[in-house]
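Following: one structure in structure tokens, then a few remarks.
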Amino acid sequence: MSDGISEGTKGVSHEQERTERRVENIANGEIQEQLRTIKQDKVNEDGDSITEINDKAGVAKELFQGDILLTETQAKEIIEDIEKEARENTRTKRQAYKDSRYPDTIWSDGVNYYFHPYASYETQRAFIKGAELWERDTCIDFIYDSTATDRIVVAPGNGIGCWSSIGKVGGEQSILLGSGCEMVHIAAHEIGHALGFYHTMARHDRDYHVIIDVWNITPGWARQYNKETTDTNDNYDLPYDAGSIMHYGMRSSSANTLPTIVPYDMKHQKTLGSPFISFIDLSMMNEHYNCKALCNSSTSVTCERGGFPHPRDCQKCICPGGYGGARCTERPAGCGRTIQASTKWETLNDTLGEWWTTREDFTKCHYWIESPENTTIEVELVDFTKGFAIDGCVYAGVEIKTIQDQTLTGYRFCAPEDAGMYLRSFSNLVPIMTYNRVGVTSTQLKYRYSETLKFISPVEDRSQLLISYNFSSYKQRICNYYRKATCYYERHKTVQMR
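Residue numbers for the sequence shown follow UniProt numbering, beginning at 1 and rising by one.
If you want it as structure tokens, here you go:
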């Protein structure tokens, strides 16, 4: 990378380093005591996450947020914005890059790209498939053109990590997919940056959803976890999604294998670091590129479940995960089935995959568990076997959508230690997805419905929520540090705990 860009990124780093240790002597043990202890597996010798790969490649500290290459102009804007926010004590919700040059920073006429002569077949395939995932459900076109004025060169290499610029910077810019990065979900993540996305955990409202445990972060890496500031981003009023493909995993940049990003709702431990582009990611990207305006509300299909008309065909919908059909009212086509629950515990068994094989694409099965109106559904994960306990469940897992907001990603599990996890729905429908691309995995669930609704909290089942009374002293320090008018735990402390 050029000296100018490197120095610009380092300038942001120095500014952010000042915040690295401001919360003194936080009660790290209190966090760990409430987390499920899960033994981490390892599959890819180069690393199973972008941060691990870039750390081993020795490039993470040279990049903004661990995998973003800033121009000098972008670095200057961010530093100025940090200083402005400190002066004005302003707070906004931010994820998509939207500065004063927008819309010049988006690829309005399509994304021009070409492959470096040394790009391997695996690198090319990963990029093409990652681009197809974004192209399929947005209005963004990807065009192979090595002579266009503004273009991306997809480059390979050993020991150079995975990284990208943020948005369209003008002229030629790179997406690097080095050794270990030649996977579709990593390519899709880096393409997300090139299209204009920062990381989800950099949103300003992230402190209402996750805690950044700075004491577990590798020294010098705390800058990756600073929040974005004013004037450069927008999240279009869309909610925080733990399953965003732009979210780092729970142990990203860990100095000691302990969690660095702790979700308040601890059932989301393995959801962080997702291998899938989420519905919220797609909705935000369609807003950012003004794709939704292509469908006239008076003539387009009416979508259910929070879906929206597809910009490439306004008579069908882009649906939240677990939903399909033209109007998001059906179970997604393919493997799986719809099951009617009873008041007695029943069992669902699912097996996916092929022995001793690693596949480029995921095999997925979709199930719906239904019950009568005005009832809720209980689900218990009995067992998940032969999988890999990796942050984000990036190789195989099960997603159970008992959450209230069905546009968000459900709870994902992929470790034997998840056995016994109990969930309860907010409605009489629970979508479940099993998925696999490595080896064979087996999922066993129990389910039944209850006659009466039991909403014990506006924030799901409190038994697995990080917020609790014995945690209040640490929480108060965090809240004081971020100068919140009302702390999260204070808003809900009267809720009956299980």
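All residues carry an ideal CB built from backbone N, CA and C; glycine is no exception.
As the structure is a prediction and not an experimental result, all values here were calculated from the model.
- For I175, the beta-bridge partners assigned by DSSP are V154, S164.
- Per DSSP, the unbroken beta strand (DSSP E) holding W355 starts and ends at 346-370.
- A194 places its beta carbon less than 8 Å from that of S164.
- Contact annotation: the region 342-352 does not touch the region 321-330, with fewer than three C-beta pairs closer than 8 Å.
- Here M284 has Q95, A96, N235, Y236, L238 as same chain residues with Cβ atoms under 7 Å from its own Cβ, once five neighbours each way along the sequence are excluded.
- With respect to Q444, V379 sits apart: the two C-beta atoms are not nearer than 8 Å.
- Shown here, E135 sits in a helix according to DSSP, grouped into three states.
- Annotated three-state conformation of T105 is coil, per DSSP.
- Judged by beta-carbon spacing, G130 lies beyond the 8 Å limit of A57, meaning their Cβ atoms are not closer than that value.
- Rounded to the nearest whole angstrom, the CA to CA distance from V262 to K316 is 37 Å.
- Counting the other CB atoms within 10 Å of its CB gives R359 a total below 16, which places it among the exposed residues.
- Nearest in C-alpha terms to I432, of all of N286, S442, E399, is E399.
- The three-state reading of DSSP puts A396 in strand, counting E and B together.
- With 16 or more other CB atoms across the displayed protein chains lying within 10 angstroms of its CB, S49 is buried.
- When secondary structure is reduced to three states using DSSP, F115 falls in the strand class.
- With respect to the C-alpha of T73, the residue from Y113, T105, G66 having the closest C-alpha is T105.
- In this structure, C291 lies away from C314, with their beta-carbon atoms at least 8 Å apart.
- Within the model, the alpha-carbon separation for A119 versus I140 is close to 24 Å.
- Where H193 is concerned, the enclosing alpha helix (DSSP H) starts and stops at 184-195.
- Per the C-alpha coordinates, the member of D55, L69, K61 positioned closest to S179 is D55.
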